[in-house]
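Below: one structure, written as structure tokens.
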Amino acid sequence: MSSVSWEVIEMKKVSCITFIILLGFRLSSALESFPILTDSDTLKVTLVYHGSKVCLFGKAPDSSDNVFAALVSADCPPIELVKEEKRLIFWLAVKKFKLENMPALYMFASAKPENLSDLLSSELNTRNFPADYHYHLSHSQTERVSGKTAPDDFNKLYSGFIELKEKQGLYKIDNDGIVLHSNGLFHYKFKLCDRVPMGKYKLRVLSIKEGRLNGWSEAEITVKTAGLAAQMANLAQNHPLIFGLLASITAFAAGALANMIFRMYEHG
Amino acid sequence: MEIYLPIAGLSVNVLILITLGAVVGFLSGLFGVGGGFLLTPLLMMIGIPPAVAAASGFNQIIATAASGAAAHYRMGNIDVKMGTCILAGGIAGGTLGVQVVKILRNMGNFDFTLRLLYVLLLGLISFLMLSESLKSRLKNNSTKPAKSPRKSRSRRINNFLEGLPLQTDFPKVGIRVSVLFPFAIGAIVGLLAAVMGVGGGVLLMPMMIYIMGMPTIMAVGTSLFQTVLVAVNVTVQQAVFNHTVDIVLAITLFTGSVFGAQIGADVSQKMPAEKIRSLFAVIILIVMLKMLFDIIIAPENVISILGGN
Chain Y
-4 MSSVSWEVIE MKKVSCITFI ILLGFRLSSA LESFPILTDS DTLKVTLVYH
46 GSKVCLFGKA PDSSDNVFAA LVSADCPPIE LVKEEKRLIF WLAVKKFKLE
96 NMPALYMFAS AKPENLSDLL SSELNTRNFP ADYHYHLSHS QTERVSGKTA
146 PDDFNKLYSG FIELKEKQGL YKIDNDGIVL HSNGLFHYKF KLCDRVPMGK
196 YKLRVLSIKE GRLNGWSEAE ITVKTAGLAA QMANLAQNHP LIFGLLASIT
246 AFAAGALANM IFRMYEHG
Chain L
20 MEIYLPIAGL SVNVLILITL GAVVGFLSGL FGVGGGFLLT PLLMMIGIPP
70 AVAAASGFNQ IIATAASGAA AHYRMGNIDV KMGTCILAGG IAGGTLGVQV
120 VKILRNMGNF DFTLRLLYVL LLGLISFLML SESLKSRLKN NSTKPAKSPR
170 KSRSRRINNF LEGLPLQTDF PKVGIRVSVL FPFAIGAIVG LLAAVMGVGG
220 GVLLMPMMIY IMGMPTIMAV GTSLFQTVLV AVNVTVQQAV FNHTVDIVLA
270 ITLFTGSVFG AQIGADVSQK MPAEKIRSLF AVIILIVMLK MLFDIIIAPE
320 NVISILGGN
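Written out as structure tokens, the structure reads:
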């Protein structure tokens, strides 16, 4: 009896796996890949950098009625957050958390607000496409490092973290920013702030027709420091002793130079 | 016109930074102080992470202090023996302070500690300056001759200083004091330098003049001499252990501050001392109140990133 039920379970497992593979194949094969173009695939952060724009152009399949585009940092380094609470008259950090799998930068745009139906949500999940903050929150992991537990800690942590990122200009949802023409041509400008983290970014674009995905495309963008800014960041990180001495010598020389200039000025 | 600060990881208007440096340099030249205690809070107000503000602000102190120390060295106003004793303490205190910063940053309370220390320090300075200004006005009305700093030292302080071991002569400044005392005040100043990004002149000067009885001009030169070297030590250690020195920020700041300091020194010759002191006390009081509000008013967002960036 037990061997029969074991066979039934195994058959069910095989059927499920086959179904998932077929479903995945069907979803991917049903989607049409369409061309996209960005004005640059590498953003260089130099000493005069004060934010930049990434212009996205593309041609979605005909009769697409909406386009989703997400620019997400590829790396999600763990981040340590602190929660402030009032102690006596002061507000100070009393709890510490470690948050993982939240991207350093997340920007989402669409041609128009879209109500995510169950079907569309499941298609987006299958494609690992982050169409809102919930996607990231459901994939994140939080660990309390120190401080006493309180029931609303994690909710406050997530909402506070997103508020912080939005204020820094690193998280943004723009629900009707993409300009989509009737022939499928579309364009959008992602505005990156000066605090943009260095690294690789994935740009993923999906087109939608009547509440279902009908096309997709992907590109990669790299943000890196360049020129003197890169050399300084590299020196500070990899040779901090030389960097510290250089900073001191530069300051010392500037002071001595200023003194010399003013002495010359005083002596006519 | 924006400039990207590679260590702070953000852009700031270069004119704002140069103006800030010039204003702090001007006040520094006007009032004869390093200006670090004013610069760090102002940098924090324009969005620079506190740890970077303190470390880079201190880096620019090297420039202004070196400029002043060079001038005093030429005039023979530096007691190298006394300066070395204070410096030894400053290096010990600075080294300890860098580790304190590291621990506080890991705990997440560096910002709070820094603001609280500033509230206390700025509150104390503004109180002392306002009371000094008030005393001067009263003195001007009375006919009593003023006491010299050494004579005004209380007997208890005299007994304490004379009871300390390792009494040493400092012939250049004409005093005899235990080397432990300048070492101890150097250590306190070094600790504050690392944590708060202040040169420490504001604390060191009254100790040298009123407690040890050094002539004012020698105290100024010797204080600047040790400030330069303590600043070099703290800058190197902050760069090695905390990675918080932003050289671009420091260079932009001292572009303004070295010139501001010279202009401030010129203006100070033409303005009445009491007026300068009262004005300075009011400026410090305003900055102190801003810092106080920051730690007692509920923040807009109770969640923050550890280390500020």
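Chains as they are written, first to last, in my numbering: chain Y, -4 to 263; chain L, 20 to 328. Where is the CB? At the ideal position from N, CA and C, for every residue including glycine.
query: Contact list for S30 of chain L against chain Y, beta-carbon separation under 8 Å; result: Y44, H45, G46 and D189
query: Cβ-Cβ distance between A269 of chain L and A82 of chain L below 9 Å; result: yes
query: Residue range of the beta strand (DSSP E) that includes C50 of chain Y; result: S47 to K54
query: Min CB distance P25 of chain L to chain Y below 9 Å; result: yes
query: Helix, strand or coil at N61 of chain Y according to DSSP, with G and I counted as helix; result: strand
query: Whole alpha helix (DSSP H) elements within the segment 139 to 225 of chain L, 4-residue minimum; result: 168 to 171, 174 to 182, 199 to 215 and 220 to 225
query: Cross-chain neighbours of V99 of chain L in chain Y, by beta carbon under 9 Å; result: Those do not exist, as V99 of chain L stays about 18 Å from chain Y at its closest Cβ, beyond 9 Å.
query: I22 of chain L versus L272 of chain L - alpha carbon distance; result: 12 Å
query: DSSP three-state assignment for L223 of chain Y, whether helix, strand or coil; result: helix
query: Option in Y:M193, Y:I256 and Y:L230 with minimal Cα separation from G28 of chain L; result: Y:M193
query: Cβ shell of Q136 of chain Y (< 8 Å), same chain only, five flanking positions each side left out; result: L94, E95 and N96
query: S202 of chain Y and A55 of chain Y closer than 9 Å at C-beta; result: yes
query: Amino acids of chain Y, ordered along the chain, whose beta-carbon sits closer than 7 Å to that of V259 of chain L; result: P235, L236 and G239
query: Alpha carbon of F129 of chain L to alpha carbon of I230 of chain L, nearest angstrom; result: 32 Å
query: Exposure label - L18 of chain Y; buried when at least 16 CB within 10 Å; result: Residue placement at L18 of chain Y is poorly supported in this model, since its pLDDT is 46, which falls under 50; the coordinates still yield a value, given next. Classification for L18 of chain Y: exposed.
query: Supposed close pair T274 of chain L, G40 of chain L - CB separation, criterion 8 Å; result: 6 Å
query: Contact set for R21 of chain Y: own chain, Cβ-Cβ below 7 Å, skip 5 residues either direction; result: Any reading at R21 of chain Y is ruled out, since the residue's pLDDT is 46, under 50, leaving its predicted position unreliable.
query: Cβ pair I105 of chain L, F156 of chain Y closer than 9 Å; result: no
query: S75 of chain L, buried or exposed, once every other Cβ within 10 Å from all chains shown has been counted against 16; result: buried
query: Element boundaries [alpha helix (DSSP H), containing R82 of chain Y]; result: Not the alpha helix (DSSP H): R82 of chain Y falls in the beta strand (DSSP E), residues I74 to R82.
query: G113 of chain L and L210 of chain L closer than 9 Å at C-beta; result: yes
query: Cβ distance (whole Å) where Y101 of chain Y is taken to contact Y166 of chain Y below 8 Å; result: 5 Å
query: Enclosing beta strand (DSSP E) for V89 of chain Y [first to last residue]; result: F85 to E95
query: Same chain only: Cβ atoms within 8 Å of M148 of chain L, ignoring 5 sequence neighbours per side; result: R296, S297, F299, A300 and I303
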